[in-house]
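>
Number of protein chains: 2
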Amino acid sequence: MPKSRYSDIYQDLKNKIETGEYEFQELLPSEHQLIEHYDCSRNTIRRAIGNLVTDGYVQTMQGKGVRNIYQPTQQNSFAIGNIESFRESALRNGKKPKTRVIYLTELVADKNIARRTGFEPGSNLYYLQRVHYLDNKALILNHNYFLKDLVPNLTKEIAESSIYDYIENTLNMSIITSKRVFTVEKMTEIDEKYLELGDYNCLAVVTSQTYNSDGIMFEYTQSRHRPDYFSFQDNATRRVR
Amino acid sequence: MPKSRYSDIYQDLKNKIETGEYEFQELLPSEHQLIEHYDCSRNTIRRAIGNLVTDGYVQTMQGKGVRNIYQPTQQNSFAIGNIESFRESALRNGKKPKTRVIYLTELVADKNIARRTGFEPGSNLYYLQRVHYLDNKALILNHNYFLKDLVPNLTKEIAESSIYDYIENTLNMSIITSKRVFTVEKMTEIDEKYLELGDYNCLAVVTSQTYNSDGIMFEYTQSRHRPDYFSFQDNATRRVR
DNA sequence: CAGAAAAACTTGTTTAAACAACTTGCGAAA
DNA sequence: TTTCGCAAGTTGTTTAAACAAGTTTTTCTG
Numbered sequence: 138m139p140k141s142r143y144s145d146i147y148q149d150l151k152n153k154i155e156t157g158e159y160e161f162q163e164l165l166p167s168e169h170q171l172i173e174h175y176d177c178s179r180n181t182i183r184r185a186i187g188n189l190v191t192d193g194y195v196q197t198m199q200g201k202g203v204r205n206i207y208q209p210t211q212q213n214s215f216a217i218g219n220i221e222s223f224r225e226s227a228l229r230n231g232k233k234p235k236t237r238v239i240y241l242t243e244l245v246a247d248k249n250i251a252r253r254t255g256f257e258p259g260s261n262l263y264y265l266q267r268v269h270y271l272d273n274k275a276l277i278l279n280h281n282y283f284l285k286d287l288v289p290n291l292t293k294e295i296a297e298s299s300i301y302d303y304i305e306n307t308l309n310m311s312i313i314t315s316k317r318v319f320t321v322e323k324m325t326e327i328d329e330k331y332l333e334l335g336d337y338n339c340l341a342v343v344t345s346q347t348y349n350s351d352g353i354m355f356e357y358t359q360s361r362h363r364p365d366y367f368s369f370q371d372n373a374t375r376r377v378r
Numbered sequence: 138m139p140k141s142r143y144s145d146i147y148q149d150l151k152n153k154i155e156t157g158e159y160e161f162q163e164l165l166p167s168e169h170q171l172i173e174h175y176d177c178s179r180n181t182i183r184r185a186i187g188n189l190v191t192d193g194y195v196q197t198m199q200g201k202g203v204r205n206i207y208q209p210t211q212q213n214s215f216a217i218g219n220i221e222s223f224r225e226s227a228l229r230n231g232k233k234p235k236t237r238v239i240y241l242t243e244l245v246a247d248k249n250i251a252r253r254t255g256f257e258p259g260s261n262l263y264y265l266q267r268v269h270y271l272d273n274k275a276l277i278l279n280h281n282y283f284l285k286d287l288v289p290n291l292t293k294e295i296a297e298s299s300i301y302d303y304i305e306n307t308l309n310m311s312i313i314t315s316k317r318v319f320t321v322e323k324m325t326e327i328d329e330k331y332l333e334l335g336d337y338n339c340l341a342v343v344t345s346q347t348y349n350s351d352g353i354m355f356e357y358t359q360s361r362h363r364p365d366y367f368s369f370q371d372n373a374t375r376r377v378r
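Chains as they are written, first to last, in the numbering used here: chain A, 138 to 378; chain B, 138 to 378.
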């Protein structure tokens, strides 16, 4: 449920691109025409188009226009520049998600954990290991650390449905930013036990630190992905800066 | 050499964050104060801050302010959301880059190549294989395909210095957008021959399609990275949309 | 003193206008 | 006919203003 004008226009243009109303390589209507069509100001149009640019749907060219560069083949299970839970991502792609908790404990961050995760030494944490299944295939092994003060009363039941739903709708905490780093790492015994890795001896690893609206990091997660089912998309632009 | 006001302000604020003039978790001056300091309009300030947000330096909170969330440990060799050549990236990180061309040929795209790269079947292409060294370590094996019509007269010498420099400054073509996909793939014989992979049997692979200002894809590249030296950073935000 | 209401301050959205920079095409001049 | 220059159309940058929405502080009321 988008709430702003530019967000509505973004959605509408995105739909028209995805349904092929604008063809690949075709120029979109000019800002002037879009202003008339949507009956809004130029800034609002430009903001909608700016979001289409960052999401890789169009490219703007000064003096020329805005070109549709969307190709439907590039659909991908992982959203770019957007925080999304496993469940949300799966449902968006029409898959059947399932999550199993294989370990859940409370612990206090020692020096080692603190250095790895970025939490302060001495922090009270929940630590859990979860396996994510998509259409009954084990694809992801997650190591989650949550700050107990901010995410209290975490249970196995919550962890198997949706922690993000619990955080946002029950605890009413708002999630803002997440820093993610993508690497490739050797497999561990745990990986081997729970994921079917075949010949691969390494995994695609996404570590992320997530912050709430008070600027406090409340989550550190390492997501270890089965390589043959992992792909991550990005749209880059040439900036001089 | 930034040319716009918001870009100058972005740079200045970024410097102040990186040098610690604003501390981690500290709130930046309010928009009102920044307007007075830089003597500009609110929109210009907001644009500079918007870029800091997408680059992961700050997080904005309605009603509260703008918080510095930059941590110097996260420095990384690969730029986010920015097209950058290997040479540019290396120099920016103070490393000594070297590039060796191990294969260079012309070819015509058959059905197979066309499907993989996205070029039209029958396109005249340059195909080259290059190894990128950083401080004398072989880190990346590149497979590059360039559209011969748009990148003519490609030589070994150009390919060993900087193709992007040749494209932008000699051919005067402007590079706009690049779509990148990250995956993990099994190693091939060529990978094994030119990169020191140790125990790893797979690599971090970045495939990218790059477009010029006419919306034409002129480059398809597959970059195969030695896993232990690869890392890629991303900043995500929670969007409702 | 405690709590509620109001004020002040923050960022978020939208409109309007002007000028700059770049591209294309038309028409006039050579 | 060819070429140059200009006009028209496009996106890019910047300013100004108003209101909305969220947070914090102050003030007032009980």
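Just so you know, even glycine gets a beta-carbon here, dropped at the ideal spot from N, CA and C.
1) Using a cut-off of 9 angstroms between C-beta atoms, extract the partners of N290(B) located in chain A.
2) Could you spell out the range, first to last residue, of the alpha helix (DSSP H) harbouring G394(B)?
3) List the whole-angstrom C-beta distance separating V190(A) from Q196(A), where the pair is believed to meet the contact cut-off of C-beta under 8 angstroms.
4) Put L165(B) into one of helix, strand or coil per three-state DSSP.
5) Return the residues of the segment 338-351 of chain B that lie within a Cβ-Cβ distance of less than 7 angstroms from chain A, sorted by chain order.
6) For Q196(A), return the contacting residues in chain B, with the cut-off set at a CB-CB distance below 9 angstroms.
7) For a test of the three-state rule: what should DSSP assign to N279(A), helix, strand or coil?
8) Quick one: what does DSSP say N213(A) is sitting in, helix, strand or coil?
9) Per DSSP, what kind of secondary structure is I353(B) in: helix, strand or coil?
10) So is N249(B) in contact with chain A if we call contact Cβ pairs under 8 angstroms?
11) Give me the residue from I300(A), D328(A), K274(A) and S368(A) with the minimum Cα distance to K233(A).
12) Tell me whether H269(B) is buried or exposed, calling it buried when 16 or more other Cβ atoms sit within 10 Å of its Cβ.
13) Hey, quick one: how far does the beta strand (DSSP E) through Y194(B) stretch, first residue to last?
14) On the premise that L308(A) lies in contact with V288(A), defined as a C-beta separation below 8 angstroms, what is that separation, rounded to the nearest angstrom?
15) Any idea which residues DSSP pairs A341(A) with across the strands?
16) Under the DSSP definition of a beta bridge, which residues are partnered with Y264(B)?
17) Check whether the segment 351-361 of chain A and the segment 340-354 of chain B are in contact - that is, three or more C-beta pairs closer than 8 angstroms.
18) Tell me, to the nearest whole angstrom, how far the beta carbon of G157(B) is from that of N372(B); I am working on the premise that it is less than 8 angstroms.
19) How about T374(B): is its C-beta nearer than 8 angstroms to some C-beta of chain A?
20) Can you tell which of D145(A), Q170(A) and M354(A) has its C-alpha closest to the C-alpha of F256(A)?
21) Roughly how many angstroms lie between the CA atoms of M138(A) and Y147(A), to the nearest whole one?
22) Can you give me the start and stop residues for the beta strand (DSSP E) that T254(B) sits inside?
23) Under a CB-based cut-off of 8 angstroms, is G193(A) close to chain B?
24) Let me make sure I understand the geometry here. Which of D336(A), G352(A) and T374(A) has the alpha-carbon closest to that of P364(A)?
25) How about K285(A): is its C-beta nearer than 8 angstroms to some C-beta of chain B?
26) Relative to the C-alpha of R253(A), which residue among L165(A), F161(A) and V318(A) is closest?
27) Would you check if the segment 235-243 of chain B and the segment 293-309 of chain B touch, i.e. whether three or more CB-CB distances between them fall below 8 angstroms?
28) For T314(B), list the residues DSSP reports as bridge partners.
29) How big is the Cα-Cα spacing for H329(B) and F369(A)?
30) Given this structure, state the Cα-to-Cα distance separating N338(B) from M324(B), to the nearest angstrom.
31) Secondary structure at K330(A), three-state DSSP: helix, strand or coil?
32) Do I312(B) and I300(B) come within 8 angstroms of each other at the CB atom, strictly closer than that value?
33) N321(B) CB to nearest chain A CB: under 8 angstroms?
34) By the DSSP assignment, the alpha helix (DSSP H) with S144(A) in it spans what residues?
35) Does chain A have any CB closer than 8 angstroms to the CB of I206(B)?
The relevant details are as follows:
1) Within the second sequence, numbered from 1, the residue matching residue 290(B) stands at position 153. None at all; the shortest Cβ gap to chain A is about 22 angstroms.
2) Past the edges of chain B, shown from 138 to 378, lies residue 394(B), and the structure says nothing about it.
3) Residue mapping note: residue 190(A) aligns to position 53 of the first sequence, counting from 1. Residue mapping note: residue 196(A) aligns to position 59 of the first sequence, counting from 1. Contact between V190(A) and Q196(A) holds: CB atoms are separated by about 7 angstroms, below the 8 angstroms threshold.
4) To locate residue 165(B), count along the second sequence from 1; it is residue 28. Collapsing the DSSP output to three states places L165(B) in coil.
5) Only those residues of the segment 338-351 of chain B whose C-beta falls short of 7 angstroms from the nearest C-beta of chain A are listed: N338, C339, A341, Y348 and S350.
6) As a first step, residue 196(A) is located in the first sequence; it is residue number 59 there, counting from the start. Correct list: I313, T314, Y348, S350 and G352.
7) Residue mapping note: residue 279(A) aligns to position 142 of the first sequence, counting from 1. Looking at N279(A) - three-state DSSP - the assignment turns out to be strand.
8) On the first sequence, position 76 is the one that residue 213(A) refers to. Here the model assigns N213(A) a pLDDT of 47, short of 50, so the residue's position is not dependable and the matter cannot be decided.
9) Stepping through the second sequence from its first residue, residue 353(B) is reached at position 216. Here I353(B) sits in coil by DSSP.
10) Here the question's residue 249(B) lines up with position 112 in the second sequence. It does not; no Cβ of chain A falls within 8 angstroms.
11) Locating residue 233(A) in the first sequence gives position 96, counting from the first residue. Per the C-alpha coordinates, the member of I300(A), D328(A), K274(A) and S368(A) positioned closest to K233(A) is K274(A).
12) One-based indexing of the second sequence puts residue 269(B) at position 132. With 16 or more Cβ atoms within 10 Å of its Cβ, H269(B) is classed as buried.
13) Counted from its first residue, the second sequence places residue 194(B) at position 57. Counting along the chain, Y194(B) falls outside any beta strand (DSSP E), and DSSP gives it neither H nor E.
14) Locating residue 288(A) in the first sequence gives position 151, counting from the first residue. Locating residue 308(A) in the first sequence gives position 171, counting from the first residue. A Cβ-Cβ separation of about 7 angstroms places V288(A) in contact with L308(A) under the 8 angstroms criterion.
15) Taking the first sequence and counting its residues from 1, one reaches residue 341(A) at position 204. Beta-bridge pairing by DSSP links A341(A) to V321(A) and H362(A).
16) Working through the second sequence from its first residue, we reach residue 264(B) at position 127. Paired residue(s): T242(B) and Y282(B).
17) Verdict: no, contact absent.
18) On the second sequence, residue 157(B) is found 20 positions in, with the first residue counted as 1. On the second sequence, residue 372(B) is found 235 positions in, with the first residue counted as 1. The distance from the Cβ of G157(B) to that of N372(B) is about 20 angstroms, inconsistent with a contact at the 8 angstroms cut-off.
19) Reading the second sequence from its first residue, position 237 is the one you call residue 374(B). For T374(B), the closest Cβ of chain A is nearer than 8 angstroms.
20) On the first sequence, residue 256(A) is found 119 positions in, with the first residue counted as 1. Looking only at D145(A), Q170(A) and M354(A), the smallest Cα-Cα distance to F256(A) is reached by M354(A).
21) Counted from its first residue, the first sequence places residue 138(A) at position 1. Counted from its first residue, the first sequence places residue 147(A) at position 10. With a pLDDT of 45 at M138(A), under the threshold of 50, the modelled position of that residue is not reliable, and the figure given next carries that caveat. Rounded to the nearest angstrom, the two C-alpha atoms are 13 angstroms apart.
22) Here the question's residue 254(B) lines up with position 117 in the second sequence. Annotation: T254(B) is outside any beta strand (DSSP E); the continuous alpha helix (DSSP H) that includes it extends over K248 to T254.
23) Stepping through the first sequence from its first residue, residue 193(A) is reached at position 56. By this cut-off, G193(A) is an interface position.
24) Here residue 364(A) refers to the residue found at position 227 when the first sequence is read from its first residue. Minimum Cα distance to P364(A) is reached at D336(A).
25) For the purposes of this step, residue 285(A) is taken as residue 148 along the first sequence, with counting starting at 1. No, because no Cβ of chain B sits closer than 8 angstroms to the Cβ of K285(A).
26) One-based indexing of the first sequence puts residue 253(A) at position 116. For R253(A), the closest alpha carbon among the candidates L165(A), F161(A) and V318(A) is that of V318(A).
27) Counting Cβ pairs under 8 angstroms, three or more are found: they touch.
28) Here residue 314(B) refers to the residue found at position 177 of the second sequence. Paired residue(s): T374(A) and Y348(B).
29) Along the second sequence, read from residue 1 onward, the residue named residue 329(B) stands at position 192. Along the first sequence, read from residue 1 onward, the residue named residue 369(A) stands at position 232. The amino acid occupying residue 329(B) in the given sequence is Glu; His does not appear at that position. Put simply, the backbone Cα of E329(B) is about 24 angstroms away from that of F369(A).
30) What you label residue 338(B) is simply residue 201 of the second sequence in a count that begins at 1. What you label residue 324(B) is simply residue 187 of the second sequence in a count that begins at 1. Here the C-alpha atom of N338(B) lies approximately 6 angstroms from the C-alpha atom of M324(B).
31) Residue mapping note: residue 330(A) aligns to position 193 of the first sequence, counting from 1. DSSP, reduced to helix, strand and coil, places K330(A) within a helical segment of the structure shown.
32) Walking along the second sequence from the start, residue 300(B) turns up at place 163. Walking along the second sequence from the start, residue 312(B) turns up at place 175. 8 angstroms or more divides the Cβ of I300(B) from the Cβ of I312(B).
33) As a first step, residue 321(B) must be located in the second sequence, where it is residue number 184. Just to set this straight, residue 321(B) is Val in the shown sequence, not Asn. Taking a beta-carbon distance threshold of 8 angstroms, V321(B) counts as an interface residue toward chain A.
34) Position 7 of the first sequence, counting from 1, holds the residue named residue 144(A). Run containing S144(A): R142 to E155, per the alpha helix (DSSP H) assignment.
35) Sequence index remark: in the second sequence, residue 206(B) carries index 69 (1-based). Closer than 8 angstroms: yes.
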